[in-house]
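Below is one structure, written out as structure tokens, with a few remarks after it.
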Amino acid sequence: MELTKNQTQQVKKYLDKKMVYYIDIRVEVLDHIISEIESTMLTEKDFDHSFNKATEKWNVLLQNSSSIYLGYCYVKPLLIINKMKKYGKPHAIKIWSIFILMLLSIGFNDSISLNVSTLITDIANITFQTVSYALSLLIILGYVHIYSTKQKTSFRFLYETQVLAVVLFPFMISGSFITKHDGLDLLKTMILVVSLFMFQLAIKLYKKHFTLLKKYSF
0 MELTKNQTQQ
10 VKKYLDKKMV
20 YYIDIRVEVL
30 DHIISEIEST
40 MLTEKDFDHS
50 FNKATEKWNV
60 LLQNSSSIYL
70 GYCYVKPLLI
80 INKMKKYGKP
90 HAIKIWSIFI
100 LMLLSIGFND
110 SISLNVSTLI
120 TDIANITFQT
130 VSYALSLLII
140 LGYVHIYSTK
150 QKTSFRFLYE
160 TQVLAVVLFP
170 FMISGSFITK
180 HDGLDLLKTM
190 ILVVSLFMFQ
200 LAIKLYKKHF
210 TLLKKYSF
């Protein structure tokens with residue numbers, strides 16, 4: 000039995016109440032709930048009973064939750080959190096590992112002796128800083144394009160919280176990557192590595208966002 004327009008609207012209001020706003024997850028969950036209600040109504044006929052039966056199950060999946068991998072400050076339905084962890088967890092582990100190495104590297108900046116000329120040092124510094132700044136600017140431009148679509152996807156949320164959150168890190172780099180004792184400044188080098196990881200994740204999330212918009216014809 001197919002649901003009426005008003006009945007479908009009631010299901011949508013239920014998803015609004017549960018804060019299921021991201022189109023990729025919303026469309027999927029909406030289809031599942033409608034299918035379950037229609038299946039139940041084949042035998043029980045009553046929409047309200049079928050709706051309550053279906054939402055009783057989904058209330059568990061859509062209860063508020065958070066994750067250390069995404070940040071405990073971001074509270075979302077459990078189903079959404081679990082999906083986002085697929086991308087957020089590997090990224091978080093990489094960044095945490097880099098931060099630990101950054102802390103451990105403090106005081107050992109001169110331990111890697113390079114013995115390079117002033118010219119090579121200047122070229123290396125300009126190259127490293129240019130790359131870091133360029134990556135950050137590209138990430139910002141990517142978000143401007145995503146934001147201009149006005150559509151919310153789980154990938155846009157990840158872009159905002161996992162990428163933009165540290166996009167200014169490269170601008171913390173000042174001075175030489177080579178210390179006065181011809182050692183490699185590990186702290187600045189690891190910030191550059193963070194920028195590379197950020198850019199890699201940004202590209203993936205950017206593509207996923209626009210692939211979804213194309214799929215759903217937005």
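Number 59 in numbering that gives the first Met the number 0 belongs to position 60 of the sequence shown; there are no gaps in the numbering.
C-beta: ideal position from N, C-alpha, C; glycine also.
Count the other CB atoms, across all protein chains shown, that sit within 10 Å of the CB of Tyr215; report buried if there are 16 or more and exposed otherwise.
-> If you number the sequence shown from 1, residue 215 lands on position 216. Exposed, since its Cβ has fewer than 16 Cβ neighbours within 10 Å.
Short check: CB of Tyr68 to CB of Lys84, under 7 Å?
-> Your numbering for residue 68 matches position 69 in the sequence shown. Your numbering for residue 84 matches position 85 in the sequence shown. It is a contact, given that the beta carbons lie within the stated cut-off.
To which residues of the same chain is Lys88 closer than 7 Å at the C-beta, ignoring the five residues directly before and after it?
-> Along the sequence shown, read from residue 1 onward, the residue named residue 88 stands at position 89. Tyr68.
Which one of Met189, Thr188, Leu157 has the shortest CA to CA distance from Ile202?
-> In the sequence shown, counting from the first residue as 1, residue 202 sits at position 203. It is Leu157 whose Cα lies nearest to the Cα of Ile202.
Can you tell me the Cα-Cα spacing of Pro76 and Lys56, whole angstroms?
-> Residue 76 sits at position 77 when you count from the first residue of the sequence shown. Residue 56 sits at position 57 when you count from the first residue of the sequence shown. Approximately 13 Å between the Cα atoms of the pair.
Quick one: grab the DSSP three-state call for Lys75.
-> As a working note, residue 75 is residue 76 in the sequence shown. DSSP places Lys75 in strand when its eight states are reduced to three.
Starting from Ser216, trace the alpha helix (DSSP H) both ways and give me its first and last residue.
-> Counting from one through the sequence shown, the residue named residue 216 turns up at place 217. Segment: none, Ser216 is in no alpha helix (DSSP H) and carries neither H nor E.
Please confirm whether Ile22 and Leu2 have their CB atoms less than 7 Å apart.
-> Position 23 of the sequence shown, counting from 1, holds the residue named residue 22. Position 3 of the sequence shown, counting from 1, holds the residue named residue 2. By the CB criterion at 7 Å, Ile22 and Leu2 fall outside the cutoff.
List the endpoints of the continuous alpha helix (DSSP H) containing Val13.
-> Mapped onto the sequence shown, residue 13 falls at position 14. Looking at the sequence shown, residue 13 is not Val but Tyr. Unbroken alpha helix (DSSP H) run through Tyr13: 4 to 16.
Which word fits Gln8, buried or exposed, when buried means at least 16 other C-beta atoms lie within 10 angstroms of its C-beta?
-> Here the question's residue 8 lines up with position 9 in the sequence shown. Gln8 sits exposed, since fewer than 16 C-beta atoms from the chains shown fall within 10 Å of its C-beta.
Range covered by the alpha helix (DSSP H) that runs through Asp23 | Residue mapping note: residue 23 aligns to position 24 of the sequence shown, counting from 1. Here the alpha helix (DSSP H) through Asp23 covers 22 to 43.
CA-CA distance, Leu100 and Val165?
-> Your numbering for residue 100 matches position 101 in the sequence shown. Your numbering for residue 165 matches position 166 in the sequence shown. C-alpha separation (whole angstroms): 17 Å.
What's the C-alpha gap between Met189 and Thr54?
-> In the sequence shown, residue 189 corresponds to position 190, counting from 1. In the sequence shown, residue 54 corresponds to position 55, counting from 1. The straight-line gap separating the alpha-carbon atoms of Met189 and Thr54 is approximately 47 Å.
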